[in-house]
Structure formats: C-alpha cells, structure tokens
Amino acid sequence: MPSRPGTRSGLKAAAPKAAPPAAGSARGSVAAADADAAVAGGDGADSNIRVVLRVRPPIKRELAKGDGTCVQVLGSQAVRVAPQLSSAAAAPAAGGTEPHMFSFDHVAGESADQECIFQEAGSLIVDNCLAGYNGCIFAYGQTGSGKTFTMMGTEEGGGAGGRADASRGLIQRVFEDLFGRLAKGRGAKYVLECSFLEIYNETINDLIEPSRSNLQVRESAEGPFVPGLSIHAVQRVEDVVALLRTGQANRRVAETNTNERSSRSHSVFTCWLQSKTVDASGSPTTRRARLHLVDLAGSERQKASGAQGERLKEATAINSSLSVLGNVIMRLADRQQGRARHIPYRDSRLTYLLQDSLGGNSKTCLVANVSPAPVNLGETLSTLRFADQAKRIRSQAVLNEDTDDRDALRREIKRLKGELSAARQQAGQGHPQFIVRRFCCCFLPVRQRTQQVHPSSSAAGPGSTPA
Ligand SMILES: Nc1ncnc2c1ncn2[C@@H]1O[C@H](COP(=O)(O)OP(=O)(O)OP(=O)(O)O)[C@@H](O)[C@H]1O
Ligand SMILES: [Mg+2]
C-alpha cells in the first residue's frame, strides 16, 4: 500500500466506495504496468515551481459590457497587462496606466483548450509522480477566473465528464494519462489511493464521506496529513471520476454577483501511488509518490461579489487564508534570494497542509487563472505578481524509492571482495585463509560456506559448519 502517514484509521473505517476489488489483488493493485514509465520524465530533484498562466475567454456578462480586454498574450511565455488595451475607458486605479510585462513557463491565451493546459501543467507532474516524486498542481486566481473550470471541467460534466467531453478538467486528464501509462506496463505492480477534502471557513471536511468533518492536520516524517480522512482505492479513471462527482456534489458552492457557481471552499484531491518493479536480476524497487490537486477558492472584493451574511463570512475566511498563502509564497521567494525568513505555514489550514508542496518535498505546478476584463485589472495584476513570486521558489523533491536489502548486500559483497583482493596484494601470499573465512561466514549460506572454504567437503549435509 502507498505510504500514507496516519491514514490507517481512515482505511479501516472507510471501505472504498468507488473501487470494486481487483481480481487477484487486495485493494486495487494494478498489475502489468510499465516499469520503464516509472523512470521516464523525472527532471531531477531540485526544481523551480512551474508556473502556467491561463487567460480565460470573456464570459457573457463581460462581452455584453463591451469593455474589451486588459490582457495581451505575447507568444507562449509572455503577457502584457494594461488598461489601455481595452476598447472602452475602464481603467481601475489599482492598475495604474503603465503596461506591465510578465513571463512564465507557459502562457495560455483565451483559445487554449483543456488538453493544452494538461500538456503544460499536468503531463510533467505525471512523469515525476511515476518516477517517485511527490507532486502538486494548484489553481490560483480571483473569483470567476476559471480555476474550477481548469481543474474539474464544466458543471454539465458533473465536475468530470466522459472522454468525449472536451471540457473535462485537469484532474481527470492527469488520471487518464496515469492509468494509460500503467496499462502499458510490463510486470510492475501499482496501488493507487485517493482522498478528497475541502477547507471551508478554516474547517477541514471529507468530501467523500461528509460525516467526517472538522478534521485536523498533523505532521509526520513524511509530511502533513489529515487523520480520519477516508481513503479510496482506485483502479481505473471511472473510479476517480466517481470520486470527483461525489466530492463536487458535497463541496460548498454558491451564487455571487461575480460567479454563478462560486467555490466557497478550497478543495484538495490527493492521490498516493506506490509502484513496485523488479529488475533483471530479480531485485525489487518500490517507488512512492503523493500528488495533491488543488482547486482554491478565489479572492473576492465584497463590493463586486455583493457578499453578505454567510457569503461574507466565507469570503472573509477565503481572503484571509489566501493572504497567508501569499505571505508564505513571498517569504519563500525572499528566502530564495538568501534572506532568512520565518515561513508562517501554520497561519492557515491550507498552507499547513500544503507546506511540502509549496516549499519542500514536491514538484509543483501553479496554474494562475486570470480574467481578461478591464474591470478585473487590479485582481489580475495581483494574481500575476503572486505567480511571479511563485516561479522563483525552488523546491527540493526527494526521490521516494526503496531498493530491496539484497541490493545493499550485493554492494557490501562487492566492497568486501575489493578489500579481500587488496589484502591479498598487500600480503603478497595468495589467499589469506582467515580473510576468506571471515568473508564467507558473514555473507554466504552454510552450504556455500562449506563448499568454498573446504572444497573437499562438498558432500557435507545442510547442518555442517566450516572447520
Ligand atoms: N477557459 C474557459 N473557457 C470557457 N469558459 C470558462 C473558462 N474558464 C472559466 N470559464 C467559465 O467562467 C465561469 C467561472 O469559472 P469558474 O467557476 O471555474 O471560476 P473560479 O475561478 O473557480 O471561481 P470561484 O473562485 O468563484 O470558484 C464559469 O461559467 C466557467 O464555465
Ligand atoms: Mg471555483
């Protein structure tokens, strides 16, 4: 089973809903996966957070206003933001009048489809996950900028659609790729398990089993985790889609002035993958990876969203946790410049849970979503500045790989053989018997010891010991 600190209670209590038992295997082992795939695409442990910017097309309301756009995509890596790009004079003071230029790993314009976003943001993370690195993809941006559309797809698809649905989101595509590559495998064994939670008003709730609410974040040697969260084995994309649909139905969503279906909570879909491969000499290698797929709630201005009562309380919690996230990212970027800074991960549940993904053991990709409408210029600039800081952060992903003890033993035998031959040369007298005996007593089975030290005693029984 994938190594998931503190999830045992969850496993015991939660029978997987989405996954029927696999033939001949306990809890969802996927056989015959591609051993080679597991090492492809790893691009080293130390890397910057990858940042993909997505500019969504104008929505009906914005088109009706006829304000044009304040965002201009310049090629595949640069973007220019300025109020005067708009056809009408709607220049909020927040943006000033000067154009602002930004560059990112990839900039996807209004016409970029969901597959393009997967290729730019998801594909490499799948490579790394198969290679044994933890990963994280998180969608960030103001309310209504397209985060949920990017991660989950359209509402019509129930948050996840069939393969014919071109609007299906990044999470589903990640698993289509993952399972596709596992299916091409030869002889490897894989286990995949998933959980789905939301952080609503600073409270963690299980989205698959909503009775599990008000959960806590704890830390272990393998990173932060949520005890009591239900864990579900998955064996095929359809199992993941079923979990996404259940979770989306339980997630808090509400209508505001800026978005008909505004996410009122941050959601975190997590997958643990464990793969076991066996090399030509019969030595097994186990790789583990944890993948967080995060759809954040969006920042909002009360004036624009018209939030009141419950909505206002939610907006306050959302803005405050996003402000902690911004603070964490800013300080991590500062630290990259050599400035010693305390990183306030514990100031919000979101940053506490995702601390590894932000500044530690993870290969991480940020999808920054922006609206092209001039009325949103201030928020768009704020998202671009956040993304600009994030791209400066270097994470230190650790390869989660265990080789069998036999490998270590083989290496030790090789080392001792080297010592033996050096001792021989030093002594200049053939085979020093005492070294041979010590070497053999340590590492060879009884029968072999008997045969090697006393070739004449090859007929000795299994209980024989060397003289
Ligand atoms: N790339 C896109 N192409 C077409 N429509 C899009 C795109 N991105 C977003 N939309 C549409 O814009 C609207 C808002 O998108 P979405 O709900 O994903 O925003 P959000 O960032 O998740 O907002 P919130 O923070 O309030 O949850 C939706 O109607 C969605 O279908
Ligand atoms: Mg949303």
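Per our numbering, residue 5 is the first one in the sequence shown, and the count goes up by one each step. Each residue gets a CB set at the ideal place from its N, CA and C atoms; glycine is no exception.
- A straight-line Cα-Cα distance of about 42 Å links Gln340 and Gly70.
- Here the C-alpha atom of Arg256 lies approximately 11 Å from the C-alpha atom of Pro214.
- When Cβ pairs closer than 8 Å are counted between the two stretches, the stretch 323–334 is seen not to touch the stretch 289–296, the count staying below three.
- Of the heavy atoms belonging to ligand 2, none sits nearer than 7 Å to the Cβ of Gly251.
- With a beta-carbon spacing of about 13 Å, Leu362 and His270 fall beyond the 8 Å limit used to define contacts.
- The three-state secondary structure of Val272, taken from DSSP, is strand.
- It is roughly 14 Å from the alpha-carbon of Lys193 to the alpha-carbon of Gly184.
- At a Cβ-Cβ threshold of 8 Å, Val374 and Thr387 count as neighbours.
- Between ligand 2 and Gly302, a heavy atom-to-CB distance of less than 7 Å is present.
- For Ser366, the secondary structure class from DSSP, reduced to helix, strand or coil, is coil.
- His104 is positioned such that its CB atom lies closer than 8 Å to that of Val85.
- Taking a contact as a CB-CB distance under 8 Å, the pair Asn205 and Glu383 does not count as one, their CB atoms being some 22 Å apart.
- Looking at the backbone, the Cα of Leu358 and that of Tyr137 are separated by about 15 Å.
- C-alpha of Gln429 to C-alpha of Glu423: approximately 10 Å in a straight line.
- Taking the CA atoms as reference points, Leu233 sits about 30 Å from Ser51.
- In this structure, the C-beta of Pro61 approaches ligand 1 to less than 7 Å from one of its heavy atoms.
- Listed in chain order, the alpha helix (DSSP H) elements of length 4 or more contained wholly in the stretch 165–243 are 174–187.
- Thr147 and Gly313 have their C-alpha atoms some 18 Å from each other.
- Classified as exposed, Ala170 has fewer than 16 neighbouring CB atoms from the shown chains inside 10 Å of its CB.
- At least one heavy atom of ligand 2 lies less than 7 Å from the C-beta of Ser267.
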